[in-house]
Structures are given as structure tokens and as C-alpha cells.
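Undergrad: Got a structure for you, questions after.
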Amino acid sequence: MLKENFHLLSVEMSLDENGKLSAKADGAFAPIANTYLPYLVKVLNSLKIIAWKDGRVVYNLYNPPQPSKAGIRALVRKLKERVFGYVFPGTANIAVTAKCQCKCVHCSFARFKKTGAKELTTEQLKSAVKQSLDLGANLIIFVGGEPLLHPDICELIRSVPKDKAIVSIFTNGWALTDETAKELAEAGLDNLYVSIDSPVPEEHDSLRGIKGLFQRAIDGALAAKERGILVGLSTYATHERLASGKLERLIQFAQKTGFHEVTIFDCVPSGKFLRNVDGILTREEKKRIVELQNRYHWSEHPMGVIAQAWVNSPEGAGCFGAFSQLYLTPYGDVCPCDFNPISFGNILEEPLEKIWFRMTHHPDFCYRHATCRMQTPAYRKKYIDPIPDDATLPVPISNYADLPPLPKNELKKPDPTTLESGMR
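Under our numbering, the residue at position 75 of the sequence shown is numbered 104, and the numbers go up by one with no gaps.
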């Protein structure tokens with residue numbers, strides 16, 4: 030039998046003293062890649078640098094530093110999509126436990142919690158990580174519940190090869206002590222986000238149900254920063270918070286405190302607030318949030334600001350769910366994102382690759398949706414409104430098999446919009 034080895038594709042990147050990247054491809058697919066790479070590099074070079082880490086530039090906490098093996102792998106993933114005409118997940122949000130110290134009035138996870146159900150074991154979670162990486166993920170985010178309550182969180186962090194992906198966690202910060210920060214850094218955690226609901230400590234603590242949580246979370250984030258972990262502040266916008274100026278004051282607080290980045294999520298009707306469509310921001314409110322984002326992000330201060338109001342809009346990059354990200358519950362269910370309670374399968378029953386293929390070939394999920402699905406009336410009417418008030422989430426996609434597809438709300442933009450967004 031005659032065998033031949035073919036070098037299909039490799040990408041080499043370099044960084045100059047001004048933080049500007051250049052790249053070139055080699056291999057059989059190089060002619061295709063070298064027509065596409067300049068656009069990718071141009072997009073990266075247009076982004077704000079929020080930090081330098083190990084001699085590499087960091088544009089945001091949702092993408093690997095450049096140039097790095099994980100960063101180049103992220104670009105190769107986009108090139109593969111161009112060649113094969115098929116999307117691969119860049120981000121895997123993996124809920125490692127349902128346990129949490131908080132009793133948040135707005136908890137988006139609450140209805141995913143299954144009383145008496147077994148959570149995935151550490152080995153099963155490691156398998157989920159590996160399967161996500163095999164699909165192309167270059168960002169693994171461990172969430173919960175509260176991920177720091179998982180006894181093997183550092184082992185899970187260590188299971189992610191540094192040449193393939195960066196690792197992040199979203200935490201309430203209660204367990205983020207100096208010793209924990211040291212352990213996380215030694216395990217190889219790249220960055221973390223602490224969730225802060227209000228710049229008023231007492232209000233934040235009241236919403237989360239733990240007195241003293243605000244200060245403990247901030248102190249923990251600063252301890253992590255001292256250990257070399259990049260730190261972000263995660264919050265969400267409401268009608269009141271925007272109108273009262275609290276949202277802007279929180280951005281200013283993050284700047285003064287020394288955070289590397291702030292992410293502002295919309296108030297998405299999910300979890301305990303699944304029916305609360307009155308909380309959806311108006312177009313004018315989202316416009317004001319985007320103005321806040323641009324004002325603070327593009328200021329001379331190094332801190333970055335990312336707003337969902339722009340990122341998941343037609344002007345930004347549209348919906349990431351089932352396009353460049355997936356969400357795994359602590360019980361193995363696979364959903365488009367952690368706000369979207371529709372399951373396409375369970376990794377205890379079949380491989381993640383098969384579930385991802387099913388999800389990305391479904392008529393309502395086989396394209397990049399121009400807006401956040403969970404804030405889109407037509408999507409909610411078909412998928413969310415029929416969910417009983419007492420139902421445990423997620424709901425299997427098979428429940429909707431007899432319903433006609435939705436009219437397409439596709440983002441009409443050239444690839445790679447994920448890089449243009451500055452996220453994922």
C-alpha cells in the first residue's frame with residue numbers, strides 16, 4: 030500500500046514591539062489561508078490591548094493571548110470553518126456543580142438544578158473538556174452553581190492543555206481567598222470573572238443573599254491578580270441600573286480597582302426570571318449601554334469593556350449560541366448557551382460531537398442568529414412560552430419536533446465576526 034504524508038496547514042505568527050501581529054500560512058491549504066489570514070490579523074490589530082502576559086498581547090478575556098499556540102489554534106479554527114463550511118465551537122461553558130452558597134433573586138441556573146440527580150464525575154467532566162477541545166474549543170469556562178465549590182476544580186483546570194486553550198471561571202467570589210487564588214494560579218488558571226450586581230455593597234449582598242460578599246469578592250479578585258491571573262468583573266444591565274447611573278459607577282469602580290475587563294450582560298429572561306420579558310432592555314437603552322461601552326473601552330485607561338447589547342446585536346456578532354459556543358449542565362445536558370434552556374442531548378448517552386452536529390444542523394440553530402435568541406419574541410413564542418412553570422430545565426429539542434421552523438433571522442455578515450466582536 031502506497032502512503033503519502035501531506036502537510037495540510039500550519040500558521041506562523043509574530044509580534045512586533047508595538048504589539049502588532051503578522052501571520053503567514055504554510056501547507057496544502059496555504060493558498061486559501063493566506064487570502065483569509067490578512068483579514069483576521071487586521072481585525073486583531075484593530076482591537077484594544079488590555080494587558081500583556083508572558084510577552085503576549087491580550088485583547089480580552091474570551092480569547093487566547095497572541096501570538097500563542099492556543100491563539101494560533103483559534104485562528105486555525107476559523108480557517109477550518111472557511112474550508113469545510115461547518116462551524117466548530119470556540120467556547121465551552123461547562124457547569125461543574127450545581128452547588129452554590131448564594132441565594133440570588135435573579136439566578137439563571139436555578140431551574141437547571143435537578144433534585145437528587147447525580148452530577149458528572151471529575152473524570153466525566155475531563156472527558157467533556159477533551160471532547161470540547163477535539164471539536165475546536167480554545168476557551169474552557171468553568172461555571173456553576175459556584176465552580177470553586179467543586180473539590181477537584183484545580184485538577185480540572187490542569188486537565189486543559191495550555192497549547193490548546195485558555196481556562197476561565199465565573200465565580201461569586203466567596204471562596205476566592207488568597208490561598209485559593211494561589212492554588213488556581215499554580216493550576217494554570219488564565220483568568221476569572223467575579224459577578225457583581227451593584228456598586229453599592231449592601232445592595233449586591235442583598236441580591237446575592239450573603240452579607241459581606243461584595244468586599245470578599247473584590248478582595249479575592251485582587252488576590253488572584255497578584256498571583257498573575259487576569260481578572261474581570263461581570264455584571265448585568267437593568268432599566269433601573271442604567272437610569273440611576275449605577276451601571277456607569279460600577280464601570281468606574283472597576284477601573285479604579287484595577288480590573289482588566291468588565292462584561293455587561295443584558296437582563297436576559299432566564300432561570301428564575303424566565304417569564305420576566307418586562308426586563309428586556311429597549312433599543313434605546315441598549316444604544317446607551319453601547320455608548321457607555323465605547324466611551325470607557327476606548328479611553329486611555331487599559332481596562333476593556335464588553336457589552337452584550339453590542340456583541341450579540343446585528344451590528345456586533347449576533348448570537349453565539351450553537352455557533353461558536355455550547356453549554357454543558359452539571360448533569361451532562363448540552364444547550365446552545367447557559368441562558369437557553371433547550372437541550373440537544375446528553376454526553377452520558379452519546380458523544381459531544383454527535384450532539385454538536387445535531388444542534389448546528391437544526392433548522393432553527395444552523396446559522397448565526399442576528400440577535401440573542403432568548404430576547405427575540407418569535408423564538409420565545411415557539412421555545413420558551415410553552416415551557417410549564419414547574420418544569421425542570423433544560424427541555425429536550427424533541428419536544429418541538431412537530432413545530433414548523435422559525436423564519437430565519439440570520440446575521441448577514443462576512444466571517445469571522447467572532448473576532449470582530451472581541452469575544453469568543
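We put the CB at the ideal spot given by N, CA and C, even for glycine.
Short check: CB of A214 to CB of I258, under 8 Å?
TA: As a working mapping, residue 214 is identified with position 185 in the sequence shown. As a working mapping, residue 258 is identified with position 229 in the sequence shown. Yes, Cβ-Cβ distance for A214 and I258 is below 8 Å.
Undergrad: Going residue by residue through the stretch 299 to 334, where are the continuous alpha helix (DSSP H) segments of at least 4 residues, counting only ones entirely within it?
TA: Fully enclosed alpha helix (DSSP H) runs of 4 or longer: 312 to 326.
Undergrad: Apply the 10 Å Cβ neighbour rule to W81 and answer buried if 16 or more other Cβ atoms are within range, or exposed otherwise.
TA: Position 52 of the sequence shown, counting from 1, holds the residue named residue 81. Classification of W81: exposed, given that the 10 Å Cβ count is below 16.
Undergrad: From what residue to what residue does the beta strand (DSSP E) around E379 run?
TA: By 1-based counting over the sequence shown, the position of residue 379 is 350. No beta strand (DSSP E) holds E379; DSSP gives it neither H nor E.
Undergrad: Using the DSSP secondary-structure output, state which residues sit across from M42 in a beta bridge.
TA: Counting from one through the sequence shown, the residue named residue 42 turns up at place 13. Answer by DSSP bridge pairing, in chain order: A52.
Undergrad: What number of angstroms, rounded off, separates the C-alpha of N341 from the C-alpha of P406?
TA: Along the sequence shown, one-based indexing puts residue 341 at 312. Along the sequence shown, one-based indexing puts residue 406 at 377. Straight-line Cα distance between these residues: approximately 15 Å.
Undergrad: For N375, which three-state DSSP category applies?
TA: Translated into the one-based positions of the sequence shown, residue 375 becomes position 346. N375 falls in the strand class under three-state DSSP.
Undergrad: Comparing C-alpha positions only, which one of T64, H36 and K77 sits nearest to G48?
TA: Locating residue 48 in the sequence shown gives position 19, counting from the first residue. Considering only alpha carbons, the answer is K77.
Undergrad: Please say whether Y68 and L108 have beta carbons closer to each other than 8 Å?
TA: Translated into positions along the sequence shown, residue 108 becomes position 79. Translated into positions along the sequence shown, residue 68 becomes position 39. Contact: no.
Undergrad: Please identify the residue among A166, N305 and V112 whose C-alpha is closest to the C-alpha of T267.
TA: Stepping through the sequence shown from its first residue, residue 267 is reached at position 238. Closest option to T267, Cα to Cα, is N305.
Undergrad: I'd like the list of long-range same chain contacts for W339, defined as Cβ closer than 7 Å, with 5 residues on each side in sequence excluded.
TA: Within the sequence shown, residue 339 is the residue found at index 310, counting from 1. Closer than 7 Å at Cβ, skipping near neighbours: V319, Q322 and G345.
Undergrad: Can you list the beta strand (DSSP E) stretches of 3 or more residues lying completely in the stretch 113 to 200, in chain order?
TA: Those beta strand (DSSP E) runs which fall completely within the stretch 113 to 200 and span 3+ residues are 120 to 124, 168 to 172 and 195 to 200.
Undergrad: Taking contact to mean at least 3 C-beta pairs separated by less than 8 Å, is the stretch 225 to 236 in contact with the stretch 264 to 284?
TA: Contact between the stretch 225 to 236 and the stretch 264 to 284 is present, because at least three Cβ pairs lie under 8 Å.
Undergrad: Quick one: residues in its chain with C-beta nearer than 8 Å to the C-beta of T446, no 5 flanking neighbours on either side, listed in chain order?
TA: The residue you call residue 446 lines up with position 417 of the sequence shown. With a pLDDT of only 39 at T446, under 50, the local geometry of the prediction cannot be trusted, and the value read off the model is given with reservation. Hits under 8 Å: G345, A346, G347, R397 and L440.
Undergrad: Verify whether the separation of the beta carbon atoms of D192 and A62 is less than 8 Å.
TA: As a working mapping, residue 192 is identified with position 163 in the sequence shown. As a working mapping, residue 62 is identified with position 33 in the sequence shown. No. Outside cutoff.
Undergrad: For P230, which three-state DSSP category applies?
TA: As a working mapping, residue 230 is identified with position 201 in the sequence shown. Helix, per DSSP.
Undergrad: Do you know whose CA, among T144, V70 and S51, lies nearest Y360's CA?
TA: In the sequence shown, counting from the first residue as 1, residue 360 sits at position 331. For the residues T144, V70 and S51, the minimum Cα distance to Y360 belongs to T144.
Undergrad: If F373 and I426 are in contact, beta carbons under 8 Å, what's the gap, nearest whole angstrom?
TA: Start at 1 with the first residue of the sequence shown, and residue 373 comes out as number 344. Start at 1 with the first residue of the sequence shown, and residue 426 comes out as number 397. Their Cβ separation, rounded to whole angstroms, is 5 Å, which keeps F373 and I426 in contact under 8 Å.
Undergrad: Please list the terminal residues of the continuous alpha helix (DSSP H) segment that includes A250.
TA: Numbered from its first residue, the sequence shown carries residue 250 at position 221. Taken as a continuous stretch (DSSP letters only), the alpha helix (DSSP H) holding A250 covers L242 to E255.
Undergrad: Please say whether E290 and I79 have beta carbons closer to each other than 8 Å?
TA: Within the sequence shown, numbered from 1, the residue matching residue 79 stands at position 50. Within the sequence shown, numbered from 1, the residue matching residue 290 stands at position 261. Result yes, Cβ atoms of I79 and E290 sit closer than 8 Å.
Undergrad: My assumption, with CB atoms under 8 Å, is that L262 sits in contact with Y325. Please give the rounded CB distance.
TA: Residue 262 sits at position 233 when you count from the first residue of the sequence shown. Residue 325 sits at position 296 when you count from the first residue of the sequence shown. Not a contact, Cβ separation roughly 12 Å.
Undergrad: Check each candidate in K442, K411, A204 and G249 and name the one with the smallest Cα separation from N428.
TA: Locating residue 428 in the sequence shown gives position 399, where the first residue counts as 1. The residue with the shortest Cα to Cα distance from N428 is K411.
Undergrad: Taking Cβ positions, are R140 and G300 nearer each other than 8 Å?
TA: If you number the sequence shown from 1, residue 140 lands on position 111. If you number the sequence shown from 1, residue 300 lands on position 271. Closer than 8 Å, so yes.
Undergrad: Give me the Cβ distance between T126 and G174, rounded to the nearest whole Å; I'm assuming they're in contact under 8 Å.
TA: As a position in the sequence shown, residue 126 is number 97, starting the count at 1. As a position in the sequence shown, residue 174 is number 145, starting the count at 1. Contact holds; Cβ gap of about 5 Å.
Undergrad: Which one of Q354, S39, A283 and L355 has the shortest CA to CA distance from I335?
TA: Along the sequence shown, one-based indexing puts residue 335 at 306. Minimum Cα distance to I335 is reached at A283.
Undergrad: What residue does the beta strand (DSSP E) around K410 start on, and which one ends it?
TA: For the purposes of this step, residue 410 is taken as the residue at position 381 of the sequence shown. Where K410 is concerned, there is no enclosing beta strand (DSSP E), given that its DSSP letter is neither H nor E.
Undergrad: In three-state DSSP terms, what is G353?
TA: Position 324 of the sequence shown, counted from the first residue, corresponds to residue 353. In the sequence on display, residue 353 carries Ser and not Gly. DSSP places S353 in coil when its eight states are reduced to three.
Undergrad: DSSP three-state label for G261, please.
TA: For this step, residue 261 is matched to residue 232 along the sequence shown. Here G261 sits in strand by DSSP.
Undergrad: Round the Cβ separation of L168 and Y91 to the nearest angstrom and send it over; I've been treating them as touching at under 8 Å.
TA: Start at 1 with the first residue of the sequence shown, and residue 168 comes out as number 139. Start at 1 with the first residue of the sequence shown, and residue 91 comes out as number 62. That pair is a contact at about 6 Å.
Undergrad: Would a C-beta distance cut-off of 8 Å place F288 and M332 closer than the cut-off?
TA: Residue mapping note: residue 288 aligns to position 259 of the sequence shown, counting from 1. Residue mapping note: residue 332 aligns to position 303 of the sequence shown, counting from 1. The answer is yes: Cβ separation under 8 Å.
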